[in-house]
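Counting from 1 along the sequence shown, just add 744 to a position and that's the residue number in the working numbering. Where a beta carbon is used, it is the ideal one built from N, C-alpha and C, also for glycine. Here the structure is laid out as structure tokens; the discussion comes afterwards.
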Amino acid sequence: IESVGYVHDHTKDLHILGYKLLVCGFWDGVSFIPLDFSLHKETRDKELKKAEERLTNRVKQIRKI
745 IESVGYVHDH
755 TKDLHILGYK
765 LLVCGFWDGV
775 SFIPLDFSLH
785 KETRDKELKK
795 AEERLTNRVK
805 QIRKI
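Laid out in structure tokens, this is it:
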């Protein structure tokens, strides 16, 4: 996938591959009409390295068991 980046999932406290979608639209309480949108990706190398370290540590812990 072109220009895909790691996005932080706050519910699971993980970084996953994907995009952030920002949508501007009209909502009348029942229906939503999108007017404009933009796709964004995170470029935070420090957070990505921390996530990779956590994954590596988890794999090491599993292998010890």
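Subject >> Classification of H784 by the beta-carbon crowding that lies within 10 angstroms, buried from 16 upward >> reply: Burial is judged here by how many other beta carbons sit within 10 angstroms of a residue's own beta carbon; H784 has fewer than 16 and is exposed.
Original post:
How many angstroms separate the CA atom of H754 from the CA atom of L779?
Top reply: Going by the C-alpha atoms only, they are around 27 Å apart.
Original post:
What span of residues does the beta strand (DSSP E) with K764 cover, start to end?
Top reply: Here the beta strand (DSSP E) through K764 covers 764–771.
**OP:** Check each candidate in R802, E796, V803 and name the one with the smallest Cα separation from H759.
**Re:** With distances taken between Cα atoms, H759 lies closest to E796.
Subject >> Cβ pair L799, F781 closer than 8 Å >> reply: With contacts defined by Cβ atoms closer than 8 Å, L799 and F781 do not form a contacting pair.
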